[in-house]
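Visitor: Provided herewith is a single structure, encoded as structure tokens, for subsequent inquiry.
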Amino acid sequence: MAAKIMLWPSARSKFVKPKNMELIYKVLLVLSAIMVLNNYYMYSFMHALKLALMIVVAIVLTVESEILFYSHDKDVDRKEAKDLIAKSYPKITALIYVLLIPIGTPLWLVGIGAILATFLGKLIFGGFAHMVFHTSLVGVLFVTLGWPQLVDGVAFISSFDNYLLELIFDNNFFNETLSIGSVFDPSNMTTSLGMLLNNDSYEFFKVFLGVVPGIVGSGLVLLGIFAFLLYKKAINWITPVTTLGAFLVTATIIAIVNDYDLIFPLYQLFSGSFLFVMIFVVSDPITTPIPNKGKIIFGLVAGALTVFIRQGVKYEEGVIFAVLFMNMLTPLLNQSFKEKKPVKKAPPKKEAV
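Here the numbering used here is used: the first residue of the sequence shown is 850, the next is one more, and so on.
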């Protein structure tokens, strides 16, 4: 039954290959596991468990939100609705969204953000193939700007679920006996980008490995993932590579003008979530332009704008705003650089003798 139900078609659907999306999902699962272990090493067992719970909550609620929506909208049962969202990829939305929000975020707010991301970033536009803004970034924006007092880094904000985790796991057994690092104090630490804004920095090798606060993924791991996805042709290279180039060139110019150390662009590159967003969001075939010229313009503006926002605005992580801004311009870029099919001239008619 569900296979016969036709959702509103989109010309961009042909650029989404199920095999590639499945590979991206598996890569995100591996990266999520690495981030869980990374939080265990940097903070505590409790923080590793919290991230794991955030991942579960986000996946369950994004999937269930779409199932409930299509069950009602298409008047089908649950099994048919599950078949219907097979090419909507809600789990990818959930993983990207969770890895971009602070670990101190209460679980109930993680759930609200996942539901808002699904409805306001995807379903309201007609589904996955019709997104204007990347779903995951919509959820991140709602959570971080809507509840800034509850989304404040690694430290657990007062909420029932955070209180329960602290009650059970914040003790000597988990913090000392089962500790594998506990390098940073969650209540008193500065992110890597925060250090750069204060004209200071962590050791570069640690920043590259992602074992300092405020970094999504390890630079080493993310570069390996990027190379792997390009090799497998799971993502298009033009937009992310252009974004990367524009980012580095802009950061280098800023370093020269302000007399910063020339390693400044690399600190910017491996800090925050830029690399993560570049690989998994900027490469998205739905919310980025289709024509190659549009892809290049998207990447140039997004990369340069990220650096400008980081340097000139209080909100230290600029890549989310830069990409959302360019998502808004994607329909215009698609229309402006749309390839015109050559018009075939009809052969001249032979005159009757």
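Quick reminder that beta carbons are idealized off the backbone N, C-alpha and C, glycines included. In this text the structure is predicted, and so the values were computed from the model without any measurement.
How far does the alpha helix (DSSP H) with H921 in it extend, from its first residue to its last?
Guide: In the sequence shown, counting from the first residue as 1, residue 921 sits at position 72. Taken as a continuous stretch (DSSP letters only), the alpha helix (DSSP H) holding H921 covers F894 to D922.
Visitor: Rounding to the nearest angstrom, what Cα-Cα distance links N887 and A897 in this structure?
Guide: Here residue 887 corresponds to residue number 38 of the sequence shown, with the count starting at 1. Here residue 897 corresponds to residue number 48 of the sequence shown, with the count starting at 1. In a straight line, the C-alpha of N887 is about 8 Å away from that of A897.
Visitor: Over what stretch of residues does the alpha helix (DSSP H) that includes D1010 continue unbroken?
Guide: Within the sequence shown, residue 1010 is the residue found at index 161, counting from 1. F1009 to F1018 is the span of the alpha helix (DSSP H), which, as asked, contains D1010.
Visitor: Quick check: the Cα distance between L999 and G953, rounded to an integer number of angstroms?
Guide: Numbered from 1 along the sequence shown, position 150 holds the residue referred to as residue 999. Numbered from 1 along the sequence shown, position 104 holds the residue referred to as residue 953. The straight-line gap from Cα to Cα measures roughly 8 Å.
Visitor: Measure from the alpha carbon of L965 to the alpha carbon of each residue in I1169, P955 and L986, then state which is nearest.
Guide: As a position in the sequence shown, residue 965 is number 116, starting the count at 1. The candidate whose alpha carbon is nearest that of L965 is L986.
Visitor: Whole angstroms are fine: how far does the CA of I973 sit from the CA of L917?
Guide: Numbered from its first residue, the sequence shown carries residue 917 at position 68. Numbered from its first residue, the sequence shown carries residue 973 at position 124. Distance between the alpha carbons of L917 and I973 is about 14 Å.
Visitor: Quick check: the Cα distance between T1137 and I873, rounded to an integer number of angstroms?
Guide: Numbered from 1 along the sequence shown, position 288 holds the residue referred to as residue 1137. Numbered from 1 along the sequence shown, position 24 holds the residue referred to as residue 873. One C-alpha to the other measures close to 17 Å.
Visitor: In angstroms, rounded to a whole number, what distance separates the CA positions of F1125 and A882?
Guide: Working through the sequence shown from its first residue, we reach residue 1125 at position 276. Working through the sequence shown from its first residue, we reach residue 882 at position 33. So the alpha carbons of these two residues sit roughly 15 Å apart.
Visitor: Between which two residues does the alpha helix (DSSP H) harbouring W957 extend?
Guide: Taking the first residue of the sequence shown as 1, we reach residue 957 at position 108. L956 to G970 is the span of the alpha helix (DSSP H), which, as asked, contains W957.
Visitor: Would the segment 1114 to 1124 and the segment 1047 to 1057 be scored as touching if the rule is three or more Cβ pairs under 8 Å?
Guide: At 8 Å Cβ cutoff, the stretches touch.
Visitor: For H921, count the other beta carbons within 10 Å of its own beta carbon; 16 or more makes it buried, fewer makes it exposed. Which is it?
Guide: Mapped onto the sequence shown, residue 921 falls at position 72. When all chains shown are included, H921 counts as exposed.
Visitor: Which two residues bound the contiguous alpha helix (DSSP H) that contains G1161?
Guide: Walking along the sequence shown from the start, residue 1161 turns up at place 312. G1161 -> alpha helix (DSSP H) spans N1141 to G1161.
Visitor: Taking the alpha carbon of L1046 as the reference point, which residue from G976, A1104, I950 and A1004 has its own alpha carbon closest?
Guide: Taking the sequence shown and counting its residues from 1, the one referred to as residue 1046 is at position 197. Of the listed residues, the one whose Cα sits closest to L1046 is A1104.
Visitor: Would you call the CB atoms of K1142 and F1186 closer than 7 Å?
Guide: Along the sequence shown, one-based indexing puts residue 1142 at 293. Along the sequence shown, one-based indexing puts residue 1186 at 337. Yes, the Cβ-Cβ distance between K1142 and F1186 is below 7 Å.
Visitor: Tell me the residue span of the alpha helix (DSSP H) that contains P1180.
Guide: Counting from 1 along the sequence shown, the entry for residue 1180 is found at position 331. V1168 to S1185 is the extent of the alpha helix (DSSP H) around P1180.
Visitor: Could you check where the alpha helix (DSSP H) with Y874 kicks off and where it finishes?
Guide: Position 25 of the sequence shown, counted from the start, is the residue given in the question as residue 874. Run containing Y874: P867 to M891, per the alpha helix (DSSP H) assignment.
Visitor: Is the beta carbon of G1002 closer than 7 Å to that of P939?
Guide: What you label residue 939 is simply residue 90 of the sequence shown in a count that begins at 1. What you label residue 1002 is simply residue 153 of the sequence shown in a count that begins at 1. No; because the gap between Cβ atoms is not below 7 Å, this pair is not in contact.
Visitor: For the segment 1032 to 1091, which segments carrying the beta strand (DSSP E) assignment without a break, of at least 3 residues, lie completely within its bounds, in sequence order?
Guide: As far as the segment 1032 to 1091 is concerned, it has no whole beta strand (DSSP E) run of at least 3 residues.
Visitor: Evaluate Y1164 with the Cβ neighbour count: other Cβ atoms within 10 Å of its Cβ, from every protein chain shown; 16 or more gives buried, anything less gives exposed.
Guide: In the sequence shown, the residue the question calls residue 1164 occupies position 315. That one is exposed.
Visitor: Got a sec: does the ligand GTP put a non-hydrogen atom nearer than 6 Å to the Cβ of G995?
Guide: Absence of the ligand GTP from the depicted structure is noted, as is the absence of any ligand whatsoever, leaving it without description.
Visitor: On the criterion of 16 or more Cβ atoms from any shown chain inside 10 Å, does S1036 qualify as buried, or is it exposed?
Guide: What you label residue 1036 is simply residue 187 of the sequence shown in a count that begins at 1. Exposed.
Visitor: Taking C-alpha atoms, which residue in S914, V925 and D924 lies nearest to A943?
Guide: The residue labelled residue 943 in the question sits at position 94 within the sequence shown. Comparing Cα-Cα distances from A943 to each of S914, V925 and D924, the minimum goes to S914.
Visitor: Tell me whether G1094 sits in a helix, a strand or coil according to DSSP, three-state version.
Guide: Position 245 of the sequence shown holds residue 1094. Note: G1094 maps to helix in three-state DSSP.
Visitor: Near V1032, which residues of its chain fall below 6 Å by C-beta distance, leaving aside the five closest residues on each side in sequence?
Guide: Here residue 1032 corresponds to residue number 183 of the sequence shown, with the count starting at 1. Excluding sequence neighbours, V1032 sits near M891.
Visitor: Using CA atoms only, rank isn't needed, just tell me which of I1169, Q1160 and P1134 is closest to P867.
Guide: As a first step, residue 867 is located in the sequence shown; it is residue number 18 there, counting from the start. Selected option, being the one with the closest Cα: P1134.
Visitor: Smallest Cα separation from V1131: which of G1121, A1151 and S1120?
Guide: Within the sequence shown, the letter at position 282 stands for residue 1131. If we check each option's Cα against that of V1131, A1151 comes out closest.
Visitor: So, helix, strand or coil for G995, using DSSP?
Guide: Residue numbering aside, residue 995 sits at position 146 when the sequence shown is read from its first letter. The answer is helix: DSSP assigns G995 an H, G or I state.
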